[in-house]
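Numbering (the numbering used here), first residue to last: 8 to 264. Data first, discussion second: the structure below is written as structure tokens.
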Ligand SMILES: Nc1nc2c(ncn2[C@@H]2O[C@H](COP(=O)(O)OP(=O)(O)O)[C@@H](O)[C@H]2O)c(=O)[nH]1
Ligand SMILES: [Mg+2]
């Protein structure tokens, strides 16, 4: 089988300290594309990325969901890896993620709760939130995830298209009115299970964040997460396939014009 190509996507918003520590540990030969999507940083993040010659895209929209989508829409590789350069992800795991997808998985999650891995960054609330979300999702979708909120993952490009992850916020009136998705984590774990795609977890510690501050809001993300699980649970597989087909047609039409 031909070698799969890989895109590494990194979102940044005032992440200079993290970038200084993490970028030297990323070997560009691991990937075919490296794209940084920046949310208009003002702390020198942009200059730091430029030193490494990675492709930098300034986000036009706002928020993390928009950053994920911008990264995806600007890459073409077979594998799409989401990696936050804030110290929370171990770059040396990237080759393992690529190898696992190449074995035939559609999504591979770096799990902070699959022994012997552990999170050094969790607060009491985030640890509890993770446990509850993972238990509920496993129960509702008949899955066996160990970390449903971790963002460090590899996806097969075709699987993202089939799950319509990049267009989730446009799927229905409900999604447009109340953006249910703050990023892709919850949609993907629900939809991989719904579509019967292949997934696995690999253990990976979550080191402490380097500098900067988390922009994650427990209330906002928690509420959006609960609403999204509900929306994915009650919508049919057929509706998901229709939404994915609609996005595909829209993409084809815009590439022709
Ligand atoms: N492009 C972009 N990146 C963001 C935005 N918000 C956060 N980030 C980056 O996304 C990653 C995760 O961010 P954060 O909100 O701090 O979440 P946490 O680290 O999971 O607590 C970090 O690398 C941030 O710099 C945003 O609005 N746009
Ligand atoms: Mg983080």
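Glycine residues also receive a C-beta, built at the ideal position from the N, C-alpha and C atoms. Just so you know, these numbers come straight off a predicted model, no measurement behind them.
- Between the segment 154-168 and the segment 104-124, the count of C-beta pairs closer than 8 Å reaches three or more; the two stretches touch.
- In the three-state DSSP reduction, residue 128 falls in the coil class, being neither helix nor strand.
- Taking 6 Å as the cut-off, one finds at least one heavy atom of ligand 1 near enough to the beta carbon of residue 46.
- Residue burial annotation: residue 240 is exposed, with fewer than 16 other C-beta atoms found within 10 angstroms of its C-beta.
- With a cutoff of 6 Å, residue 154 does not count as near ligand 2, since its C-beta is closer than that to no heavy atom of the ligand.
- Within its own chain, the residues whose Cβ lies closer than 7 Å to the Cβ of residue 254, once the five positions on either side in sequence are excluded, are 171 and 174, listed in chain order.
- Using a Cβ-Cβ distance cut-off of 8 Å, the segment 58-73 and the segment 34-48 are in contact, since at least three pairs of beta carbons, one from each stretch, lie closer than that value.
- A residue is called buried once 16 or more other Cβ atoms fall within 10 Å of its Cβ, and residue 66 is buried on that count.
- Residue 105 and residue 191 have their C-alpha atoms roughly 19 Å apart.
- Residue 43 has its alpha-carbon roughly 32 Å from the corresponding atom of residue 145.
- Remark: C-beta atoms of residue 200 and residue 87 do not approach each other more closely than 7 Å.
- One Cα belongs to residue 28, the other to residue 219, and the distance between them is close to 12 Å.
- Where residue 172 is concerned, there is no enclosing alpha helix (DSSP H), because DSSP gives it neither an H nor an E.
- Straight through space, the alpha carbons of residue 141 and residue 244 are spaced by roughly 21 Å.
- Between residue 94 and residue 183, the C-beta gap is not smaller than 7 Å, which leaves the two residues out of contact.
- When DSSP states are grouped into helix, strand and coil, residue 45 belongs to the strand group.
- Per the coordinates, the alpha-carbon of residue 130 lies some 23 Å from the alpha-carbon of residue 194.
- Around the beta carbon of residue 232, 16 or more other beta carbons sit within 10 angstroms, so the residue counts as buried.
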